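These protein sequences, in sequence, are chains V and A. Following numbering that gives the first Met the number 0, the numbering of the first sequence begins with 0 at its first residue and continues without gaps. Following numbering that gives the first Met the number 0, the numbering of the second sequence begins with 0 at its first residue and continues without gaps. C-beta: ideal position from N, C-alpha, C; glycine also. Computed from a predicted structure; not experimentally measured.
There are 2 protein chains.
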Amino acid sequence: MTTERTGTGVRTVVEPTLSEAEAAMAGALERGDLLTVFGRCSVDYEGRASSTLGPGDRHVTAKPDGTVLVHTDEGQQPVNWQPPGCSQRVERVEGGDEGTDADDDAPLRLVSTRESPDEELVVSFESVRQVSAFAVDDGESLSLTGSEEDLRQRVLESPDLVEPGFQPLVTERRTAAGAVDIFGEDADGNVVVVELKRKRVGPDAVGQLTRYVDALERDLHADATVRGILVAPSVTDRARRMLADRGLEFSAVEPPSEGE
Amino acid sequence: MTTERTGTGVRTVVEPTLSEAEAAMAGALERGDLLTVFGRCSVDYEGRASSTLGPGDRHVTAKPDGTVLVHTDEGQQPVNWQPPGCSQRVERVEGGDEGTDADDDAPLRLVSTRESPDEELVVSFESVRQVSAFAVDDGESLSLTGSEEDLRQRVLESPDLVEPGFQPLVTERRTAAGAVDIFGEDADGNVVVVELKRKRVGPDAVGQLTRYVDALERDLHADATVRGILVAPSVTDRARRMLADRGLEFSAVEPPSEGE
DNA sequence: AAATAGATTTCGTCC
DNA sequence: GGACGAAGTCTATTT
């Protein structure tokens, strides 16, 4: 086993005994560090669903905000996790009758729990290869371009992109079926409902637009024509057919990128 | 700087120079290890959208399957990432005119790219606190209970949970609007469309069921009555109202848990 | 490669 | 705290 303690916020223990790993993990949780553990473990989860995962090498992260992530060597998503706000503790299975110390062979457990919903994640390490604790200093936040919000601004600045003469009146207009992205009227004064999507749309988006158009037709009574326009970069074949069946329309508009 | 090389598949470098970090990272990528880097970095992404992230301490993971994850001290989701299948490389910004070596102050970059869609993620380290490489041995896969698939099996085994006399006929029956979860008939011989959800449902699920019912009514022509039943643990108020407006129904069924 | 829908989705926003 | 919808969603399945 080797211990590193540096003055720059990194503490690492390599090939610790389970008791040494326990101490290092407890210290990291105590200090509010970002904790990572690599070792052979099994994982059990019970809460919104239930899962079990047999023994294998995994990389486990516990963040100071209460997040826990268990990653295998494959996949972008963790194989098991716990969301922010959970409480973490490390524990050793109780030893024999007389001993107060934990059995040296007993697994080391990282337990994460929360209430509402009641959930528990247990990572049981049979061996630990590395424990690291990091003091994180991060004040910056992400700046992102190309979201649906960016597309909305683009359409509000240049309504003609939807169709010549389109006039946006309100965003997020409420209906019995939910809030409409953009509510406006066309060159002839007809009511227009616009549903925005930042990428190619499928049947679900058509369903959404349908719900809003139907709801507005009821709200505004029978006399007024309500047009529904799906605004997105492109549509799938089935979605295009569904739009046609329902008398709805599509207008191709790209979300702004980088500079625009 | 301290280097650890153990016989059990863990290599760790603490407080390396950028050149030392570069070598450690390149070796890990070469060997197909799970690579982790903790350090101060900026992140730029360009692809399906664009994003920038200013300097801060982050934990970066590169998996042998091509996944890259950049985590801050907060949140379950990575602040930036690259999906499985991407290609990674480490590089140093080119030095001055005459030198062949990289400028010692030039940032160390982890670059991840893929095509279709064209995406690039660049993590620029101004300092590195730790580089670790792990040889992962994991043969086990996750076993999970409580999914929609489990709910489907429960309903197929006990159709009366939906309503007395319900008879499932086909699963995944195709319609013009997509595949129906369970297609069957009720005690009176009416066509029944069942949409399953493992948790409390909102307006989107009602929209889905509506699409399938509408599509089937057209497919089967006008004479037959098509009932639509949303099967889930519970419904939101608005969803319940939308169901009523459309003449659709709700039946409360929980997905099986643990033992069941 | 594209399409479709589920997910212990997570995340933000608004009520 | 619940409800609702976006997301660089990811992931599995099917065409």
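Short CB-CB distance (under 8 Å) between Gln207 of chain V and chain A: Along the first sequence, read from residue 1 onward, the residue named residue 207 of chain V stands at position 208. Contact with chain A is found for Gln207 of chain V, since one of that chain's Cβ atoms lies less than 8 Å from the residue's Cβ.
DSSP-derived helix/strand/coil call for Val130 of chain V: Position 131 of the first sequence, counting from 1, holds the residue named residue 130 of chain V. Here Val130 of chain V sits in strand by DSSP.
Interface flag, Met24 of chain A vs chain V, CB-CB below 8 Å: Looking up residue 24 of chain A in the second sequence gives position 25. By this cut-off, Met24 of chain A is not an interface position.
Opening and closing residue of the beta strand (DSSP E) in which Ala223 of chain V lies: As a working mapping, residue 223 of chain V is identified with position 224 in the first sequence. That residue, Ala223 of chain V, is in no beta strand (DSSP E); it is neither H nor E in DSSP.
Contacting positions in the segment 214-238 of chain V - beta carbon closer than 9 Å to chain A: Ala214, Arg217 and Arg237
Rounded separation between Gly164 of chain A and Gly188 of chain A - CA only: Your numbering for residue 164 of chain A matches position 165 in the second sequence. Your numbering for residue 188 of chain A matches position 189 in the second sequence. Distance between the alpha carbons of Gly164 of chain A and Gly188 of chain A: 10 Å.
Below-8 Å beta-carbon distance, Leu33 of chain A vs any chain V residue: Taking the second sequence and counting its residues from 1, one reaches residue 33 of chain A at position 34. Closer than 8 Å to some Cβ of chain V, the Cβ of Leu33 of chain A qualifies, so yes.
Glu194 of chain V and Gln207 of chain V closer than 8 Å at C-beta: In the first sequence, counting from the first residue as 1, residue 194 of chain V sits at position 195. In the first sequence, counting from the first residue as 1, residue 207 of chain V sits at position 208. Their beta carbons are under 8 Å apart, which means Glu194 of chain V touches Gln207 of chain V by this criterion.
Chain A contacts made by the segment 143-155 of chain V, where a contact means CB separation under 9 Å: Result list: Leu143, Thr144, Gly145, Ser146 and Asp149.
Residue environment, Leu155 of chain V, which counts as buried when at least 16 other CB atoms sit within 10 Å: To locate residue 155 of chain V, count along the first sequence from 1; it is residue 156. Counting Cβ neighbours within 10 Å, Leu155 of chain V comes out exposed, since fewer than 16 surround it.
Cβ neighbours of Ala265 of chain V in the same chain (closer than 6 Å, five flanking residues each side left out): Any property of residue 265 of chain V remains undetermined from this structure, which presents chain V solely from 0 to 259.
Three-state secondary structure (DSSP) of Asp187 of chain V: Position 188 of the first sequence, counted from the start, is the residue given in the question as residue 187 of chain V. Note: Asp187 of chain V maps to coil in three-state DSSP.
Local conformation of Glu171 of chain V per DSSP, three classes: If you number the first sequence from 1, residue 171 of chain V lands on position 172. Strand at Glu171 of chain V.
Same chain only: Cβ atoms within 7 Å of Ala27 of chain A, ignoring 5 sequence neighbours per side: As a first step, residue 27 of chain A is located in the second sequence; it is residue number 28 there, counting from the start. The answer, listed in chain order, is Leu34 and Ala132.
Glu45 of chain A beta carbon less than 8 Å from that of Gln81 of chain A: Here residue 81 of chain A refers to the residue found at position 82 when the second sequence is read from its first residue. Here residue 45 of chain A refers to the residue found at position 46 when the second sequence is read from its first residue. Taking 8 Å as the Cβ cut-off, Gln81 of chain A and Glu45 of chain A do not qualify as a contacting pair.
Cβ of Gly246 of chain A within 8 Å of any chain V Cβ: Within the second sequence, numbered from 1, the residue matching residue 246 of chain A stands at position 247. Not an interface residue.
The segment 195-202 of chain V touching the segment 226-236 of chain V, judged by at least three CB pairs closer than 8 Å: A contact exists between the segment 195-202 of chain V and the segment 226-236 of chain V.
Chain V residues whose Cβ lies nearer than 8 Å to that of Glu19 of chain A: Stepping through the second sequence from its first residue, residue 19 of chain A is reached at position 20. Neighbours of Glu19 of chain A on chain V: none; closest Cβ ~14 Å, over 8 Å.
Alpha carbon of Val192 of chain V to alpha carbon of Asp218 of chain A, nearest angstrom: Looking up residue 192 of chain V in the first sequence gives position 193. Looking up residue 218 of chain A in the second sequence gives position 219. Distance between the alpha carbons of Val192 of chain V and Asp218 of chain A is about 28 Å.
Selection from A:Thr112, A:Thr170 and A:Gln76 that minimises the alpha carbon distance to Gly65 of chain V: The sequence position of residue 65 of chain V within the first sequence is 66, counting from 1. The option with the nearest alpha carbon to Gly65 of chain V is A:Gln76.
Beta-bridge partners of Arg4 of chain V, as assigned by DSSP: In the first sequence, the residue the question calls residue 4 of chain V occupies position 5. Per DSSP, V:Arg10.
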